[in-house]
Amino acid sequence: MTDANRLAPPMGSLISRDRRVRFEFEGTSYIGFDGDTVASALVAHDQWLLSRSFKYHRPRGPLSMAGQDANTLVQLPEEANVLADRIGIAESPEVMGQNYSGSLEKDADAILEKVGRFMPVGFYYRAFYKPKGIWDKWEPLIRKKAGLGLADLDFEPTYHDKAYLFCDVMVVGAGPAGLNAAITAAENGADVILVDENKQLGGALTYHRFDIDGEATEEMLNALCSIATHHPKIRVMTDAVCNAWFADNYLPVQTGNRMYKIRAKQCIVASGEFEQHVVFRNNDLPGVVLCSAAMRLMKHYAVRPGKKSVVLTGNDDGYLTAIELAEQGVDVVSIVDMRQSQPRKDLVDSVESLGIPVVPGATVYEATAKNNHLSAVDVYSINEDYGVEQKVSTISCDLLCMSAGYMPTYQLLCQAGAQLSYDDKSARFTLKNLPANLHIAGSVNGIHELDKVIADGQRAAYQCLQQLGFSEVAGIKVQCDVSTNFPWPIFPHPKGKDFVDFDEDLQSKDIINATRLGYRDIQLVKRFSTVGMGPSQGRHSALPSARLVAMATDRTVSETGVTTARPPFIPEKLAYLAGRIFNPVRKTPMHERHESLGAQFMPAGAWRRPAYYGETSQRNALIQDEVSAVRQNVGIIDVSTLGGIEVYGPDAPEFLNRMYTFAFVKQPVGRTRYAVLTNEQGVVIDDGVACRIAEDHYYVTATTSGVDAVYREMKKWNAQWRLDVDIANVTSAFSAVNVAGPNARKVLEKVCHDVDFSPEAFPYLEYREGHIEGMPVRLMRVGFVGELGYEIHMPTLFALNIWDILMDAGEAFSMRPFGVEAQRLLRLEKGHIIVGQDTDGMSHPGELSLGWAIAKAKPFYVGSRSVDIVMRREQTRKLVGFKLDKSSPKPEEGHLVLDRAGADSNITGNVTSCEYSSTLDAYIGLAFVGIDQQEKGTLIPIRVDGKEVWPEVVPLPFYDPEGERQEVN
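The working numbering applies: residue 283 is where the sequence shown begins, and numbers increase by one.
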């Protein structure tokens, strides 16, 4: 490895010089340092050519060195379209260029540039469709050429997951403004999350030169970073991208293989700005970079970006870049300043003392290349109207650093509804109309002087603190009049190749021609020309495009605007969306008791519930034993996961009458009633039990997984109905158990002495209230499992004590706990459905034999019109019970029901539930069947492992059809 292009410390803040890493690019072996990106390591070896452009296959190299452009897209063995200026060489031992035919150096497809005149802007909209049938000829060729990179079809997906975080203040961007904002907020008591997309904190402090001497940043950087990283109230997340803004500061952050979903009470965006390029002929050649890219190469990676450099600038920052280049041994042969007026005298004096000549009122009009790399630039003078005039000189160079100015990183802010405005006279941006809980600080807020940037971060923090109630100090508004943007850095060349959008190979004439074809709105220009639709999403093309459209349509840039910013901010891998979803796990108050009893747990929505008790090797036998205990003696099950909703108020009866299919206005106090909920399409979406506690008070249960949706629907509908009711989701406030079996009454009588449990005083489907050792309980006599049973609902605060009391009381009767698997088998024997398992997105009450649960006399309930319509139609399927000899293969949920056996059979339905019942000594189940298969005694073919079994349709329920077990004494 040659270190000829490597700079001495303290350059190279991201690399470890004691660890060298070997990697390959295009089959050639290279060596870099740990911490190098593929781009920085290759540039250190004078290998600037990294890829070929999308349309014309032009040679491309680094532009921003920050992952903000598509010039560095490369191919890894397992992944295409990877940014070479973001991916480390330690993570990518084998790298190839992209989008070429033959070799990267000599791309055969570069001939497309020669026929560019036949591919004008939007040509694909106006070609390939005539004469009729011509598309069939073009399609194979276009599909072959379309797309970038190669997909690895043998790729094994990697692990990805999600996590959730909450904070008082989230700061996006850890530059000087963001760091100071985070520190100020944390020191005043706020919990802060600080997020930055880079591997190190500091933002521009890590690479930008803020003063002539270059001494203003290091001490400040170290101080701010030290405080932030060691502060107990600040959580620092580097190499992490806040990829979007959603309502109420819901912020997804990608880092590594994890997506954090962060909810922040207040958010400060200190995201900085994107440096902008100058538009001139061949401005895309390898060796033409942004000033910030050259600074990053030197400061971050200790790479000398060139031997002989020209700096093209429209602001003072270009002079500071030239000083840094000269100090690092680069021969800066000229500064070409597009401004007519001279910059600060101290800057001019400093560059002149370094022997750097300045050419004011001029621009680079054309760059030329040798061996796919910049070799010279033509410098032309420009007039006060920014028109190109006379040629000044041709300068040989291998590096051109350019800075036309900066554009705020506005994407997250505009997603939040902020408005980006531009003053054509001052060439300054402003962002306004921010939500009350979203703030901006630093250069994204138009502040550029370092001390003012830091002060602006403090101001934003105090605004957050004031809204959070942590401080009464009002942030002091910061003013900055420094101009950083050159008003018109666009110099169209008659020969073209003056690129506005590097991603899509769009030239200035393409944008102009789009407006001439009638697309005068910037949004339409985007869609017609595809400007800003590439990987960099307009980071560098949005402003020059807006300027060109404004000029062509005789409007201001502010009137023209920029294209809509939508999430995500950077490309988001599907793995983040499809990967394992992390959900908070909920446990009932009795969870530890279940563990001590040997429970095997299963998920039920967000809850963990006992599936059965005992060793997994004896699963089936244990489930049957639990069922037998309930049928023959008494069992207890924790049903705390059931949803609970309180409906209280004068209009409570009317409200429930409108929500559910049954009638509730005349429901007696102290009585329960089965409640079926349908949606507007007439589909059954939930069920439960409604208990009338008082004339104006109901307690309604809902399914474990459906309660949140039920509660949401109730709130939505009452927002329209405006009935006088309060609706509260009390699922967490109440816990519940079900004691069921012939001896259930005896167990309850031992512990609850203020309720008469006799069949006459407490009949089936009644509701009572009482106490267990002074603790209040709600009692419902229900029959979901088909035996004498009582649901006991109690405040969660008392749940564990009441469980222990019941278990002690049940010892005399050998009461045993039973789990969800036994409960499901018990309810199946009674033919009771489980919404979501025995129903689907099309199930209406008629298909489920729930016509008895509909009050046909009442004028309205949610979904009533749809239910009437679908139930009057000719029915096509029915949910029925079936029974199958235990010697047959067992049908599983989802197995298909057919109209007949054989390969030419048609599907008529599917199995929804099926279990072996020791009570009936047979397989029993529920299945949707064709309407002509619903009759008792019909044998229905079910395909099990490629073969058909033939269960018999039987009437429901399978067990105790007369309900005698409910009345056992």
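We treat Cβ as the ideally placed atom computed from N, Cα and C, and that holds for glycine.
Proximity to residue i [Cα-Cα], best of the options
i	options	result
Ala575	His1114, Ser335, Ala348, Leu1108	Ala348
Val1149	Val1162, Leu1161, Leu1130, Phe1164	Leu1130
Lys613	Leu629, Pro866, Ile605, Lys590	Here the sequence assigns Asp to residue 613, which means Lys is not the residue at that position. Of the candidates Leu629, Pro866, Ile605, Lys590, the one whose C-alpha sits nearest the C-alpha of Asp613 is Lys590.
Arg862	Arg540, Leu799, Val661, Glu500	Arg540
Gly1163	Ala644, Thr1220, Gly600	Thr1220
Gln697	Asn363, Gly931, Lys714	Lys714
Pro866	Glu438, Arg517, Lys444	Lys444
Phe851	Lys543, Val593, Val735, Gln536	Gln536
Leu476	Gly600, Glu421, Gly739, Phe410	Gly739
Val755	Ala834, Arg901, His721, Asn470	Asn470
Tyr532	Leu607, Glu1093, Val454	Val454
His876	Val831, Leu859, Ser922	Ser922
Thr870	Met1076, Lys855, Gly538	Met1076
Asn1025	Asp968, Arg913, Glu1103	Arg913
DSSP-derived helix/strand/coil call for residue i
i	result
Gly485	helix
Arg802	coil
Thr842	helix
Arg288	strand
Trp1085	helix
Met283	In this predicted model, Met283 has a pLDDT of only 47, less than 50, meaning its place in the structure is not dependable; the value taken from the coordinates is given anyway. Correct three-state label for Met283: coil.
Gln963	coil
Leu435	coil
Pro1099	strand
Pro1127	coil
Lys589	coil
Lys396	coil
Phe405	helix
Trp1134	helix
Phe883	strand
Lys419	helix
In DSSP terms, what residue i is bridged to
i	result
Ala651	Leu656
Trp1003	DSSP lists no partner for Trp1003.
Ile1189	Leu1180
Phe528	Tyr532
Pro642	Asp619
Lys673	Tyr662
Ala934	Answer is none; Ala934 lacks a bridge partner.
Ile1206	Lys1165, Glu1197
Counted within 10 angstroms of its Cβ, other Cβ atoms place residue i as buried (16 or more) or exposed
i	result
Asp418	exposed
Asp367	buried
Gln622	exposed
His1177	buried
Lys1168	exposed
Lys998	exposed
Gly1133	exposed
Asn939	buried
His730	buried
Asn653	exposed
Proximity test, Cβ basis, 8 Å: residue i and chain C
i	result
Leu856	Looking for chain C here will not work: only one protein chain is present.
- the region 1080-1100 in contact with the region 953-960 per 3-pair CB rule at 8 Å: no
- Within the chosen definition, does the region 563-575 reach the region 641-653 through at least 3 CB pairs nearer than 8 Å? yes
- Query: Can we say the region 483-496 touches the region 504-517, given the rule of at least three CB pairs closer than 8 Å?
  - Reply: yes
- Message: Below 8 Å, how does it come out for the region 693-707 and the region 834-848: are there three or more Cβ pairs, yes or no?
- Response: Counting C-beta pairs with one atom in each stretch, the region 693-707 and the region 834-848 have three or more that are closer than 8 Å, which means they touch.
- Query: Are the region 665-682 and the region 757-764 touching, with three or more C-beta to C-beta distances below 8 Å?
  - Reply: Contact fails: fewer than three Cβ-Cβ distances are below 8 Å.
- Item | Contact between the region 1133-1145 and the region 1183-1195 (3+ Cβ pairs under 8 Å) | no
- Query: For the region 1010-1017 against the region 1201-1213, are there 3 or more C-beta pairs whose distance is under 8 Å?
  - Reply: The answer is no - the region 1201-1213 does not touch the region 1010-1017, with fewer than three Cβ pairs under 8 Å.
- Item | At least three beta-carbon pairs within less than 8 Å, the region 316-331 to the region 769-781 | no
- Query: Would you call the region 990-1009 and the region 1046-1057 in contact, with 3 or more CB pairs under 8 Å?
  - Reply: Segments in contact, no.
- Query: Are at least three pairs of beta-carbons, each pair with one atom in the region 367-384 and one in the region 308-317, less than 8 Å apart?
  - Reply: yes
- Message: Three Cβ pairs or more, each shorter than 8 Å: is that satisfied between the region 872-888 and the region 1088-1103?
- Response: yes
- Query: Do the region 1019-1031 and the region 910-920 touch if we need at least three Cβ pairs shorter than 8 Å?
  - Reply: Yes, since at least three Cβ pairs between the region 1019-1031 and the region 910-920 fall closer than 8 Å, the two stretches touch.
- Per the contact definition of three or more C-beta pairs closer than 8 Å, is the region 349-358 in contact with the region 388-400? no
- Query: Does the region 896-906 come close enough to the region 1062-1081 to have 3 or more Cβ pairs within less than 8 Å?
  - Reply: no
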